[in-house]
Amino acid sequence: MAAITTQNASEILVVGFTDSKILDSQRIEQVGRELQEVVPQAIHKKLLLNFRGVSFMSSAMITKLVMLNKGCKAQGVNLKFCEVSPNVMEVFKITKLNKLFDIQEGEEKALASFDKKGWFG
1 MAAITTQNAS EILVVGFTDS KILDSQRIEQ VGRELQEVVP QAIHKKLLLN
51 FRGVSFMSSA MITKLVMLNK GCKAQGVNLK FCEVSPNVME VFKITKLNKL
101 FDIQEGEEKA LASFDKKGWF G
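Each step along the sequence shown adds one to the number in full-length UniProt numbering, with nothing skipped, and position 46 is 46.
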């Protein structure tokens with residue numbers, strides 16, 4: 001069974017998770033592998049990870065997200081997260097990863113945020 005789901009929302013590739021708890025090491029390896037494989041599919045260089053339904057994840061899974069972030073940066077893909085549960089957000093805050101990742105509230109806001117230009121856009 002796949003660990004992630006993908007769908008296109010206009011020019012943005014939206015990725016979801018099939019598990020509510022990502023704790024098992026074999027499953028984490030599978031999620032990590034599938035996430036890396038999905039990066040080249042973001043042909044418009046926009047990738048959104050939707051954490052809807054994910055209530056817990058192990059520190060090993062967080063490592064996979066950091067690796068994904070590095071892979072996206074290397075390939076020029078804009079990566080954002082959305083619908084992060086309070087439990088997972090707490091872990092991001094403790095590890096200061098909430099500063100590294102672009103975390104949006106809902107999917108709609110996250111999708112819209114891809115179109116927003118920065119100060120010099």
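Note that the Cβ used here is the ideal one computed from N, Cα and C, for glycine as well.
Let's test the definition: count the other Cβ atoms within 10 Å of the Cβ of residue i and tell me whether it reaches 16, buried, or not, exposed.
i	result
G121	Residue placement at G121 cannot be trusted, given a pLDDT of 42 that sits under 50; what the coordinates show is reported in the next sentence. Exposed.
M67	exposed
G32	buried
May I ask which residues mark the beginning and end of the alpha helix (DSSP H) holding residue i?
i	result
F92	86–94
With a cut-off of 8 Å on the beta carbons, I'd call residue i and residue j a contact; round off their distance for me.
i	j	result
F48	V14	Sequence inspection shows Leu at residue 48; the Phe mentioned does not correspond to that position. So it is a contact: roughly 5 Å between Cβ atoms.
Are the CB atoms of residue i and residue j nearer to each other than 8 Å?
i	j	result
T18	A42	no
residue 122	M61	Residue coverage of the chain in this structure runs from 1 to 121, which leaves residue 122 outside it and unanswerable.
F81	F101	yes
S58	L97	no
Starting from residue i, trace the beta strand (DSSP E) in both directions and tell me its first and last residue.
i	result
I12	12–17
Q7	4–9
Would you check if the stretch 95–108 and the stretch 70–77 touch, i.e. whether three or more CB-CB distances between them fall below 8 Å? no
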